[in-house]
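One structure is given below, encoded as structure tokens.
Number of protein chains: 2
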Amino acid sequence: MKTIHEAAAALRAGRTTPVELVKQCLANIDRCEEKVKAWVFIDRAGALAEAHARADEIKRFQVRGPLHGIPIAIKDIFDVFDWPTAAGSKLWSQSIARQDCEVVRRLREAGAIFLGKTVTTAYASFDPPVTRNPWNLSHTPGGSSSGSAAALAVGMCLGAIGSQTGGSINRPASYCGVQGLKPTYGLVSCDGVVPLAPSMDHPGPMGRSVRDLAIMLQVMAGFDGSTIQKPVPDYTALLSEDAAPPCLGRVRGLFEDLAEPAMQGMMVDVCAILTSGGLRPPLAEVALPSGFGTVIADHRVIMAVEAAAYHRLRVQRHPEDFPPRIRSLIDEGLACPAWEYERCLKQQQRLRQQMVQCLEHFDALIMPATTSPAPPAETTGNPAFNSPWSFTGLPSLSLPTGHFADGLPLCVQLVGGWGREASLLKAALWCEKALGVQPLDAIVA
Amino acid sequence: MKTIHEAAAALRAGRTTPVELVKQCLANIDRCEEKVKAWVFIDRAGALAEAHARADEIKRFQVRGPLHGIPIAIKDIFDVFDWPTAAGSKLWSQSIARQDCEVVRRLREAGAIFLGKTVTTAYASFDPPVTRNPWNLSHTPGGSSSGSAAALAVGMCLGAIGSQTGGSINRPASYCGVQGLKPTYGLVSCDGVVPLAPSMDHPGPMGRSVRDLAIMLQVMAGFDGSTIQKPVPDYTALLSEDAAPPCLGRVRGLFEDLAEPAMQGMMVDVCAILTSGGLRPPLAEVALPSGFGTVIADHRVIMAVEAAAYHRLRVQRHPEDFPPRIRSLIDEGLACPAWEYERCLKQQQRLRQQMVQCLEHFDALIMPATTSPAPPAETTGNPAFNSPWSFTGLPSLSLPTGHFADGLPLCVQLVGGWGREASLLKAALWCEKALGVQPLDAIVA
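Protein chains in written order, with numbering that gives the first Met the number 0: chain A, 0 to 444; chain B, 0 to 444.
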């Protein structure tokens, strides 16, 4: 049982139980964790106890929804009641959360079972984590949601929660060959989540099918005082309709110039398959707004300044608790003049507006999800194809294609309009079907 | 230098420095802490560094207000950035706060210097703490703000932050012979504070003069989204005016029936002194509303139910982390039928309304602050004279009288009208002067 929607149907039909699902995940953990190192800790007893409780509810016909009894993983920057939130910090390794963060509260209420906390890079930044890519253990799983992506790729969980400020959902998901969704900025609450750069922090779901992303987003999204005040559509109901072919725009510029040949070849093949599958014309080339010329640099400024604002005092007191890449990010932020930060915030607003127009006639834009397949484990890879969407706040969904290079998965990315997750998910589901994508377990050697 | 207002004046006049004030407190800590055990931890280096920073600001004429450069103590249920918040729990002993709670944020902004965290009873409940009463080491300092009260009584700090749900500010302050103010419910934010019973949790200041309470409350009070939406008066300015004698009401009933002879005798003497000092007539006997007949029991129900609601899951998982009295409180709460809790919440509203009328013609009501002087250290003492004000949410201020029994201080309590801290503080200041109360250091033997 690899996907949430499949498991949820089997639970409803009595063909499996929450306990079996948890045991299946624990078996995969036993088989792979020693080499993959996806987890900060695993609460076997707690997860089994929850599974029994959820099973009893099912026997009483009290099914809370499609996440009822589903074992999931939580990135270790989200507060989970009675568990430490270390966020990759040694000094926070015993910092026990007194309450669930808003996202976890919602997932718990929906009946999800938490298996444990997954590895994040230190403070959700760029320093390479202990986690390895299950498709090739000498390569990176990407970051910062490293453990969530790697755990999914070998079935150690059925769904996972990640977060993205640069490329921290879409990049690790792609490197590990699973699905990831960075929602519209502000759709999902950051309350109780360790921040990296609050103007661009996006919690989001990671899973092994587009439907699974919709199921998780449905529960995670919603108003809590800090989020967008807009009713959340019924994503899952929309996906159950027969989907017409979407209208996609193909993005070049930045997104083709930086792509390695393997990614360019994959894009040609994927577009051919989608077109022959009946994609609604045109798969027109979309001209990106001029703001894209500096988007990577502008994104870096906001991330550096806001990380510096948050970590400034602790980095002074406990420099040893900050590995090199987050430290140099903070140093950059500390050295940045305020007018430069102000300019980038304005640019962020401007580019966000321009993208609304750019996406007006499309359900989504399509591009490679990453510049290359997962590189060796000395880095977490290049987030250049993801950070523009963290910057503009548009929803971005990464999708395996069934293509591989040297045994490493290659993924595409679909970017939707502001707050238009419903159209984005429908488009992604159509592509997933057209490409015949099925969840594949990496063979850990 | 024993009081904040005296130290603030000396700082302004250049007669002392924040560094000297911190060193004075640290010297008192060195002298007494081994026996008194008021602190969970002390950050000597951090406090001295802050003192130097505040001193530099003074040299540049950047004085933030009367708390600028004043060393204070924080009860260990308030989150202080980069320090653990243990709340008396062993499992939380390394739970480092990622940010200041609202009260600490305000105090820090006002220039206060945090010396460390003071001992609280486990989860701010009734289990005897390690802390001892500096006036007699075999007696209790009271609880739950045990360390804050004991530290003040020997000059280990100039001010302290406590909190009260039953009698946790006024009782320890009284047993240790210092001033304490439980403000009106909702005047001071509980955001980032470990709750005991949210409907009755009150953060408040403890100090060694009425003026000091006003100085601290001024900074602590204010709107943050969760508090009363009412402008905060300028308490300190009001206190600088020449105070007319207040109009006090004397409360009998409950508050005299339960008082031990030492307290009754003290009340007679104190009322005689105040009357001869020119108290505005009448020091009339005030009839308490009928709801007082069950107020202790009703208070206990709300406290038990809300403590159970908060601690329920952790007490199941970690019973060893809950000493006997908080456990039996939680057990009581778990066993309480919801309709009984609902009845008590209604009764709380009713009694609160009735007290508005009761206080209409008075600046404050006067009564003994506790049923007896500090009892032996096997309990934290009887909160019966304090919990009615935690229940109704009226502000209550406890005041040393200069009277002692067997070397232990005896205190009175003044209770003000809802949101009428200004009148209460003025009345208390007048009484403090009329009684000739001066801060006295306990001699730790």
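Every residue, glycine too, gets a C-beta built ideally from N, C-alpha and C.
CB contact below 9 Å: residue i versus chain A
{"i": "B/L90", "result": "yes"}
{"i": "B/F321", "result": "no"}
{"i": "B/F77", "result": "no"}
{"i": "B/Q437", "result": "no"}
{"i": "B/L312", "result": "yes"}
{"i": "B/Q93", "result": "yes"}
CB contact below 9 Å: residue i versus chain B
{"i": "A/S144", "result": "no"}
{"i": "A/F222", "result": "no"}
{"i": "A/I69", "result": "no"}
{"i": "A/Q228", "result": "no"}
{"i": "A/G81", "result": "First, the amino acid is wrong: residue 81 of chain A is Asp here, not Gly. For A/D81, the answer is yes, since a Cβ of chain B falls inside 9 Å of its Cβ."}
{"i": "A/R105", "result": "no"}
{"i": "A/R97", "result": "yes"}
CA-to-CA distance, residue j to residue i, given in whole angstroms
{"i": "A/E33", "j": "A/C24", "result": "14 Å"}
{"i": "A/W417", "j": "A/P394", "result": "7 Å"}
{"i": "B/P83", "j": "A/Q98", "result": "16 Å"}
{"i": "B/T16", "j": "B/Q178", "result": "24 Å"}
{"i": "A/T117", "j": "B/I76", "result": "29 Å"}
{"i": "B/F452", "j": "B/G248", "result": "No answer is possible for residue 452 of chain B: the residues shown for chain B start at 0 and end at 444."}
{"i": "A/V102", "j": "A/G146", "result": "18 Å"}
{"i": "A/A444", "j": "A/R131", "result": "12 Å"}
{"i": "A/A111", "j": "A/I69", "result": "5 Å"}
{"i": "B/C31", "j": "B/A148", "result": "14 Å"}
{"i": "A/L278", "j": "A/P245", "result": "6 Å"}
{"i": "B/A72", "j": "B/Y184", "result": "22 Å"}
{"i": "B/S225", "j": "B/V187", "result": "9 Å"}
{"i": "A/C465", "j": "A/K345", "result": "Missing from the structure shown is residue 465 of chain A; chain A here goes from 0 to 444 and no further."}
{"i": "A/A441", "j": "A/S137", "result": "14 Å"}
{"i": "A/K1", "j": "A/R207", "result": "7 Å"}
{"i": "A/S371", "j": "A/G264", "result": "11 Å"}
{"i": "B/R324", "j": "A/D223", "result": "36 Å"}
{"i": "A/G154", "j": "A/W134", "result": "13 Å"}
{"i": "A/S92", "j": "A/D78", "result": "13 Å"}
{"i": "B/G252", "j": "B/C357", "result": "14 Å"}
{"i": "A/D55", "j": "A/A8", "result": "17 Å"}
Counterpart residues of residue i in DSSP-defined beta bridges
{"i": "B/E452", "result": "There is simply no residue 452 of chain B to check, as chain B begins at 0 and stops at 444 in what is shown."}
{"i": "B/C335", "result": "B/C335 pairs with nothing; no bridge assigned."}
{"i": "B/F291", "result": "Answer by DSSP bridge pairing: none, since B/F291 is not bridged."}
{"i": "A/G206", "result": "A/Q178"}
{"i": "B/H402", "result": "B/L409"}
{"i": "B/W38", "result": "B/T117"}
{"i": "B/P367", "result": "B/V411"}
{"i": "A/S397", "result": "A/G179, A/Q412"}
{"i": "A/Q138", "result": "Correcting the residue identity first, residue 138 of chain A is His in this sequence and not Gln. DSSP, once it has assigned bridges, lists A/P375 as partnering A/H138."}
{"i": "B/S162", "result": "B/P202"}
{"i": "B/N132", "result": "B/N135"}
{"i": "A/A220", "result": "A/V187"}
{"i": "B/R316", "result": "Partner(s): none; B/R316 has no beta bridge."}
Could you run through the segment 169 to 198 of chain A and flag, in chain order, every residue whose CB is less than 8 Å away from some CB of chain B? The segment 169 to 198 of chain A vs chain B, Cβ under 8 Å: V193.
Name the residues in the segment 27 to 53 of chain B whose C-beta lies less than 8 Å from a C-beta of chain A; which are they? Cβ proximity to chain A below 8 Å picks out nothing from the segment 27 to 53 of chain B.
I'd like the ranges of any beta strand (DSSP E) spanning at least 3 consecutive residues and lying wholly in the segment 49 to 125 of chain A. Entirely contained in the segment 49 to 125 of chain A, the beta strand (DSSP E) runs reaching 3 residues are, in chain order, 70 to 74, 112 to 117.
Using a beta-carbon distance cut-off of less than 8 Å, what residues from the segment 285 to 316 of chain B approach chain A? Residues of the segment 285 to 316 of chain B that bring their beta carbon within less than 8 Å of a beta carbon in chain A comprise L312, R313, R316, in sequence order.
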